[in-house]
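Engineer: Per the working numbering, the very first residue in the sequence shown carries number 160; after that it's consecutive.
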Amino acid sequence: MTATAIRLRESALDPAQAVTDVVLPAGEPWLHEVKQGQTLRIIDLHGNQAADVIFYNRHDTDEHYSATQTLLQQGGIYLTTGSVLMSN
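#1: CA-CA distance, Leu190 and Val181?
#2: Please give the ranges of any alpha helix (DSSP H) in the region 219-247, keeping only runs that are unbroken, at least 4 residues long and fully inside the region.
#3: State yes or no: is the C-beta of His218 nearer than 8 Å to some heavy atom of the ligand MN?
#4: Using only the alpha-carbon positions, how far apart do Arg217 and Gln228 sit?
#5: Measuring straight from C-alpha to C-alpha, what distance separates Ser170 and Ile202?
And the structure:
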């Protein structure tokens with residue numbers, strides 16, 4: 160079994176251009192529309208936390224985020240800066 164190195168990179172996006180900026184306490188829910196072409200950035204402020212997320216097409220809830228398609232498309236199991244999320 161071989162370990163895969165994770166190559167971290169900083170986002171080139173300007174936080175001042177964000178449509179919204181929200182800091183949530185641990186365990187708090189959040190709901191927001193992310194339109195096609197917009198970017199969602201999730202930052203773990205305290206380290207070693209997971210973000211539980213689910214995405215649905217607002218106009219067709221049969222279409223939703225697919226972890227399987229996302230992992231196959233990017234060829235790895237880790238989501239990081241620049242990852243593109245795929246739907247079913």
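All C-beta atoms, glycine included, are put in the ideal place defined by N, C-alpha and C.
Structural biologist: In short, the structure shows the following:
#1: The count along the sequence shown starts at 1 and reaches residue 190 at position 31. The count along the sequence shown starts at 1 and reaches residue 181 at position 22. The straight-line gap separating the alpha-carbon atoms of Leu190 and Val181 is approximately 11 Å.
#2: Here the runs fully enclosed are 226-233.
#3: Questions concerning the ligand MN fall outside what the structure shown contains, since it holds no ligand whatsoever.
#4: Counting from 1 along the sequence shown, the entry for residue 217 is found at position 58. Counting from 1 along the sequence shown, the entry for residue 228 is found at position 69. Distance between the alpha carbons of Arg217 and Gln228 is about 19 Å.
#5: Here residue 170 refers to the residue found at position 11 when the sequence shown is read from its first residue. Here residue 202 refers to the residue found at position 43 when the sequence shown is read from its first residue. Rounded to whole angstroms, Ser170 to Ile202 spans 11 Å at the Cα level.
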